[in-house]
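Residues in the sequence shown are numbered from 346 upward in steps of one, following the working numbering.
Even for Gly, the Cβ is constructed at its ideal location relative to N, Cα and C.
Some notes on the structure that comes next.
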Amino acid sequence: MFVLLCCTVLNGYATDTLKIFKKEIPLGRMDRGIVDYTVIPKGQVMIGTTVSYTTFVNEDYELLSIFKDFDAEGHTFSFKPFIAYFYRDNSMAGLRFGYTRTLLKVNNISLEFDDDMDFNLNNIYLLEHKYSGTGFVRNYVGLGGSKRFALFNETSITFSGGEAKFVRGKNETLDGTYSTIRELQVGITPGLTAFIMNNVGIEVSFGVAGFTYRKERQVHNRVEAGMHQSSGANFKIDLFSIGIGLAVFL
């Protein structure tokens, strides 16, 4: 009798405890007040371009103490038009084509780290041309009901190819290398769009993550040939890949 009584009490206590800790699942979705503003509706077509020009001159490196004698100049020019279609509200898919030209001339660079270590480069010439094609998907998030500002995130895959010429020395010590370049890039690029007119926006973007695979075929002095492959991934904000562009929505 005592045993049966204890079992009854314990069973009752367990039942009450389960009622206390039982999780009640609410029916329906909770309204958290988050509004998904439609910035660009389905069916819109976007065309635009991104242009960048970067120079490297002596004055940029005068304050760096490790450069004792710096005489070099160069530039990088990039032109990338694109077209995209909004297959649903705030989401689009598109294609981008690009051309990049890099030129670097080094007459002399002397680096001195301490009294026992120094490094010198001179008479270097580098010229590189690259063409690229990119497929991308982009999603927008509107900031407020004004539809003037929106954040976006873009995921892209790029195939590129080009040629490069590297020359060093002069007269009897002159030698050169000709390279054929093939490259694959996968990237994630967030950014901000500001609409200066109803159908015209200015875009600012920067890379935060990506993967690159590069393959080069090199011919040295038109005699020796070789192959070089490299790959790498980065997960950081790249301040040197900031892009500013103009987009028109039709």
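Inter-residue Cα distance where the pair is residue i and residue j
i	j	result
Ile587	Thr538	14 Å
Gly571	Ala509	14 Å
Leu408	Leu471	At Leu408, the pLDDT of 47 sits below 50, so the modelled position is not reliable and the matter cannot be decided from this model.
Arg527	Ser575	11 Å
Ala592	Gly552	19 Å
Lys367	Val384	Residue confidence is low: Lys367 scores 48 on pLDDT, short of 50, so the model does not pin down where it sits. Its coordinate-derived value is still stated next. When rounded, the distance between both Cα atoms is 43 Å.
Thr395	Gly521	33 Å
Lys492	Phe540	8 Å
Gly590	Ala578	25 Å
Phe594	Gly489	20 Å
Residues bridged to residue i (per DSSP)
i	result
Ser491	Looking at the DSSP assignment, Ser491 forms no beta bridge with any residue, so it has no partner.
Asp434	The partner list for Asp434 (beta bridge, DSSP) is empty, contrary to what the question assumes.
Val593	Ile392, Val545
Asn468	In the DSSP output, where bridge partners are listed per residue, Asn468 has none listed.
Phe497	Tyr485, Gly536
Range of the contiguous beta strand (DSSP E) that encloses residue i
i	result
Ile385	Here Ile385 belongs to no beta strand (DSSP E), and DSSP marks it neither H nor E.
Arg562	554-565
Asp580	Residue identity check: residue 580 is Phe in the sequence provided, not Asp. Here the beta strand (DSSP E) through Phe580 covers 569-580.
Proximity below 8 Å, CB of residue i to CB of residue j
i	j	result
Phe427	Lys387	no
Gly443	Phe481	no
Ser524	Glu548	no
Ser505	Ser477	yes
Lys450	Glu499	no
Phe497	Arg483	yes
Thr503	Glu473	no
Ser397	Ser436	no
Ile469	Arg513	yes
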